[in-house]
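Trainee:
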Ligand SMILES: [Zn+2]
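Written as structure tokens, this is what we have:
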């Protein structure tokens, strides 16, 4: 056992003394606890004027709880006008502080709380009172990290997410930036460069619900995406104005249904698998036989096909055979060596290979059923079947 008066052997302030017994007595602060201890120790040693160390001489806190105003100013400088509703406080104390506190608390029965815990709570209360913002553990807009040893603060701003759908009217544009060409237009850069400016963020990423090939247009109801903007100064801004600006930019990309989103929608959008409807312009070496092609289309509709990973993507995807269902294939028209068909197919079907057969790696294929080679000249996604329309 210990004598309370042994606390007087350490250089502790009233608050840090109270914190040694933080789990005794609910609803009172460590400062109040310290005051009771001061009184009890005074009685024990027969000195009614006994007092603990001043905070600045305290061997644990070194007076950090009296520096809230300075810390507040440091944090506000870092926030630099960024918009936020919720925040969280974290802190770093020196190893020496942590170890000293643990040793003292162990001596007195290990019923204390850590200085970190009290600091985060108390500075959080102070910060909330001064800013009117809400302290939140759950996905805060801002995470404030105070270094109590060297007196500096860092602020991490949560990304802002914007959900939408895009249409792409060009046959020379990749979806995202770095893979194909770092400098040219991409769906990501056309959308992101506008939104990042509205948010005054530092960078952006487009998370798409799948992707179309560079040379495939994305029409109809558009492809879903979530755009992430890092370090945004503004978390709310005029998405209607941003939509108009993107759509008027003449870059061949349009967005629709933009709205602010949560981070979990990134994975939701990425995991979605929807059937798609394609409009394909196909070409043959010789004039297309309408009857034969029409029969081939009918033959393919409603079938399962087996697609081994196409050679053109084999470097990026594992080599395996996928089964895909082809719902419908309609011949729209024939003109000389060309024909237009509309295909409804399961998510993940390689349409170019469905038509050309990929050297026998896709079976059956339209070429095989038609009886001579067919290739896709132009391909558009005209609908993504999300069950909303
Ligand atoms: Zn202290």
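Residue numbers (this note's numbering): 1198 to 1586.
Here a beta-carbon is modelled for each residue, glycine too, at the ideal position from N, C-alpha and C.
For residue 1247 and residue 1235, which I take to be in contact (beta-carbon distance under 8 angstroms), what is that distance rounded to the nearest angstrom?
Mentor: Position 50 of the chain shown holds residue 1247. Position 38 of the chain shown holds residue 1235. Yes, they are in contact, since the Cβ atoms of residue 1247 and residue 1235 sit about 6 angstroms apart, within 8 angstroms.
Trainee: Taking Cβ positions, are residue 1535 and residue 1478 nearer each other than 8 angstroms?
Mentor: Stepping through the chain shown from its first residue, residue 1535 is reached at position 338. Stepping through the chain shown from its first residue, residue 1478 is reached at position 281. Result yes, Cβ atoms of residue 1535 and residue 1478 sit closer than 8 angstroms.
Trainee: In the DSSP assignment, what residue or residues form a beta bridge with residue 1476?
Mentor: Residue mapping note: residue 1476 aligns to position 279 of the chain shown, counting from 1. In the DSSP output, where bridge partners are listed per residue, residue 1476 has 1539 and 1577.
Trainee: May I ask you to report which of helix, strand or coil DSSP gives residue 1302?
Mentor: Position 105 of the chain shown, counting from 1, holds the residue named residue 1302. Looking at residue 1302 - three-state DSSP - the assignment turns out to be helix.
Trainee: Roughly how many angstroms separate the alpha carbons of residue 1332 and residue 1543, rounded to a whole number?
Mentor: In the chain shown, residue 1332 corresponds to position 135, counting from 1. In the chain shown, residue 1543 corresponds to position 346, counting from 1. Answer to the nearest angstrom: the Cα atoms are 46 angstroms apart.
Trainee: Less than 8 angstroms between the C-beta atoms of residue 1288 and residue 1317, yes or no?
Mentor: Along the chain shown, read from residue 1 onward, the residue named residue 1288 stands at position 91. Along the chain shown, read from residue 1 onward, the residue named residue 1317 stands at position 120. In this structure, residue 1317 lies closer than 8 angstroms to residue 1288 by Cβ.
Trainee: Can you check which of these residues, 1410, 1501, 1272 and 1259, is closest to residue 1320 by C-alpha distance?
Mentor: Taking the chain shown and counting its residues from 1, the one referred to as residue 1320 is at position 123. Ranking the options by Cα distance to residue 1320, first place goes to 1272.
Trainee: Restricting to runs no shorter than 4 residues, where is the alpha helix (DSSP H) found entirely within the segment 1447 to 1496?
Mentor: If we require 4 residues or more, the alpha helix (DSSP H) runs fully inside the segment 1447 to 1496 come out as 1461 to 1468.
Trainee: Let me know the alpha helix (DSSP H) ranges lying completely inside the segment 1245 to 1328, each 4 residues or longer, listed in chain order.
Mentor: Counting only runs of 4 or more, we get 1265 to 1276, 1292 to 1304 and 1312 to 1328.
Trainee: Would you kindly work out how many angstroms separate the C-alpha atoms of residue 1408 and residue 1347, rounded to a whole number?
Mentor: As a position in the chain shown, residue 1408 is number 211, starting the count at 1. As a position in the chain shown, residue 1347 is number 150, starting the count at 1. About 48 angstroms.
Trainee: Over what stretch of residues does the alpha helix (DSSP H) that includes residue 1442 continue unbroken?
Mentor: In the chain shown, residue 1442 corresponds to position 245, counting from 1. Here the alpha helix (DSSP H) through residue 1442 covers 1436 to 1444.
Trainee: Cutting at 8 angstroms between CB atoms, please list the residues of its own chain near residue 1269, excluding the five before and the five after it.
Mentor: By 1-based counting over the chain shown, the position of residue 1269 is 72. Around residue 1269: 1323, 1324 and 1327.
Trainee: Is it right to say residue 1489 is buried, meaning 16 or more other beta carbons lie within 10 angstroms of its own, or is it exposed?
Mentor: For the purposes of this step, residue 1489 is taken as the residue at position 292 of the chain shown. When all chains shown are included, residue 1489 counts as exposed.
Trainee: How is the alpha helix (DSSP H) around residue 1236 delimited, first residue to last?
Mentor: Walking along the chain shown from the start, residue 1236 turns up at place 39. Run containing residue 1236: 1227 to 1242, per the alpha helix (DSSP H) assignment.
Trainee: How many Å lie between residue 1580 and residue 1315 at the Cα?
Mentor: In the chain shown, counting from the first residue as 1, residue 1580 sits at position 383. In the chain shown, counting from the first residue as 1, residue 1315 sits at position 118. For residue 1580 and residue 1315, the distance between alpha carbons rounds to 56 angstroms.
Trainee: Quick check: is the beta carbon of residue 1287 nearer than 8 angstroms to any beta carbon in chain D?
Mentor: Here chain D cannot be found, since the structure has a single protein chain.
Trainee: Taking the alpha-carbon positions, what's the residue 1285 to residue 1364 distance?
Mentor: Counted from its first residue, the chain shown places residue 1285 at position 88. Counted from its first residue, the chain shown places residue 1364 at position 167. One C-alpha to the other measures close to 39 angstroms.
Trainee: Beta-carbon separation of residue 1496 and residue 1541 under 8 angstroms?
Mentor: Counting from 1 along the chain shown, the entry for residue 1496 is found at position 299. Counting from 1 along the chain shown, the entry for residue 1541 is found at position 344. Not a contact, by the Cβ cut-off of 8 angstroms.
Trainee: Residues near ligand 1, CB to any non-hydrogen atom under 6 angstroms, in chain order?
Mentor: Any residue whose Cβ sits closer than 6 angstroms to a heavy atom of ligand 1 makes the list: 1209, 1210, 1212, 1213, 1252, 1255, 1257 and 1258.
Trainee: Check whether the segment 1409 to 1421 touches the segment 1432 to 1446, taking contact to mean three or more Cβ pairs, one atom from each stretch, closer than 8 angstroms.
Mentor: With the cut-off at 8 angstroms, the segment 1409 to 1421 and the segment 1432 to 1446 do not touch.
Trainee: Between residue 1405 and the rest of its own chain, which residues show a CB-CB distance below 7 angstroms, the 5 nearest in sequence each way excluded?
Mentor: What you label residue 1405 is simply residue 208 of the chain shown in a count that begins at 1. Hits under 7 angstroms: 1372, 1420 and 1422.
Trainee: Just to confirm the assignment: which complete beta strand (DSSP E) runs, minimum length 3, are found wholly within the segment 1365 to 1443?
Mentor: Complete beta strand (DSSP E) runs here, min 3: 1400 to 1405 and 1413 to 1427.
Trainee: Decide if the segment 1457 to 1470 is in contact with the segment 1390 to 1405; the criterion is three or more beta carbon pairs, one per stretch, under 8 angstroms apart.
Mentor: With the cut-off at 8 angstroms, the segment 1457 to 1470 and the segment 1390 to 1405 touch.
Trainee: Residue 1223: buried (16+ other C-beta within 10 angstroms of its C-beta) or exposed?
Mentor: If you number the chain shown from 1, residue 1223 lands on position 26. Answer is exposed; the Cβ neighbour count stays below 16.
Trainee: Taking C-beta to C-beta, are residue 1504 and residue 1519 nearer than 8 angstroms?
Mentor: Here residue 1504 is taken as the residue at index 307 of the chain shown, counted from 1. Here residue 1519 is taken as the residue at index 322 of the chain shown, counted from 1. Going by C-beta atoms, residue 1504 is nearer than 8 angstroms to residue 1519.
Trainee: What do you reckon, are the CB atoms on residue 1533 and residue 1484 nearer than 8 angstroms?
Mentor: The residue given as residue 1533 occupies position 336 in the chain shown. The residue given as residue 1484 occupies position 287 in the chain shown. Yes, the pair counts as a contact, with Cβ atoms nearer than the cut-off.
Trainee: When you compare only the Cα positions, how much space is there between residue 1400 and residue 1427?
Mentor: If you number the chain shown from 1, residue 1400 lands on position 203. If you number the chain shown from 1, residue 1427 lands on position 230. Using only the alpha carbons, I get a separation of about 5 angstroms.
Trainee: So, helix, strand or coil for residue 1363, using DSSP?
Mentor: Translated into the one-based positions of the chain shown, residue 1363 becomes position 166. It is a strand residue.
Trainee: In angstroms with no decimal places, state the Cα-to-Cα distance between residue 1308 and residue 1350.
Mentor: Position 111 of the chain shown, counted from the start, is the residue given in the question as residue 1308. Position 153 of the chain shown, counted from the start, is the residue given in the question as residue 1350. Rounded to whole angstroms, residue 1308 to residue 1350 spans 30 angstroms at the Cα level.
Trainee: First and last residue of the alpha helix (DSSP H) that includes residue 1567?
Mentor: Indexing the chain shown from 1 puts residue 1567 at position 370. That run of the alpha helix (DSSP H) goes 1563 to 1567.
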